[in-house]
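Novice: Here it is: the structure, laid out below.
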Amino acid sequence: MRARGFTLIELLVVVGIIALLAGLAAPALGTLTGANAREAAGRLAGAMRYMFDTAALRHETCRIALDAEHRAWWAECAPGAATVAKDDRAWSDEELARRFPDEKDEQTRRLLARTTFGAFSDRLVPRSELPGRAGFGKISVEGLSASAEGKLAYVYFFPGGRALRAFVPVVDGSNVFTVVVEPFTGRARAVAGAVEVKE
């Protein structure tokens with residue numbers, strides 16, 4: 076009697092099934108281990124350190140915008156020591172809707188109309204989305220009255236070598252990594268777990 080082996084087609088089918096199952100299990104494994112939150116927090120901390128240095132070297136005011144609703148972040152800069160200045164002009168709702176068609180919130184449109192910040196384009200700090208199912212927790216920034224949860228928040232970096240102290244939690248399931256920004260050194264680091272913020 077002759078021993079029968081596997082054909083090449085049977086082996087390819089088995090390998091294909093194993094690859095499919097591994098592809099389906101990888102995102103779930105990232106959530107279980109917290110790899111997505113750890114990766115996102117590390118990248119965000121690196122971007123914040125870079126923006127601190129950029130603001131000082133270019134003599135610009137820069138910020139990282141954190142969009143909790145869309146799970147994304149990006150960098151913006153304004154020339155010199157920019158602030159949100161008072162605008163004497165009364166913008167109509169229609170004018171603001173035309174100027175900022177992507178923004179649905181009326182208050183945010185009014186704020187955007189009074190600022191000089193523009194997009195910052197650099198290959199080291201591209202617009203990024205959080206990986207997997209990771210999202211932002213309750214963001215706390217020094218000096219800003221409201222903590223952001225589910226809305227746009229900003230972490231500022233100033234030309235004189237100073238930043239606003241910030242705590243930005245990145246959450247993926249039960250895994251939390253918090254990006255902590257120090258105001259005078261610009262040191263941004265990702266720490267495991269939630270950081271208690273004293274109000």
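Position in the sequence shown (first residue = 1) + 75 = the numbering used here.
Even glycine gets a Cβ: it sits at the ideal position worked out from N, Cα and C.
(1) List the DSSP bridge partners of F233.
(2) Is the Cβ-Cβ distance between A112 and N250 less than 8 Å?
(3) Does the ligand MG have a heavy atom nearer than 7 Å to the CB of V251?
(4) Is it buried or exposed for S196, if we count other Cβ within 10 angstroms and need 16 for buried?
(5) Reducing DSSP to helix, strand and coil, say where G121 ends up.
(6) So, are the CB atoms of A153 and E135 less than 8 Å apart?
(7) What are the boundary residues of the beta strand (DSSP E) that includes E178?
(8) DSSP on T136, reduced to helix/strand/coil?
(9) Please say whether R138 and F192 have beta carbons closer to each other than 8 Å?
Specialist: So, to answer that:
(1) F233 pairs with R237.
(2) Contact flag set, yes.
(3) Summarising the ligand content, the structure contains no ligands, and the ligand MG is consequently not present.
(4) Within 10 angstroms of the beta-carbon of S196 lie fewer than 16 other beta-carbons, which makes it exposed.
(5) Assignment of G121 by DSSP, reduced to helix, strand and coil, places it in the helix class.
(6) Contact: yes.
(7) Counted as a single uninterrupted DSSP element, the stretch harbouring E178 is not any beta strand (DSSP E), since DSSP gives it neither H nor E.
(8) T136: strand per DSSP, three-state reduction.
(9) Contact check for F192 against R138 passes: the beta carbons are separated by less than 8 Å.
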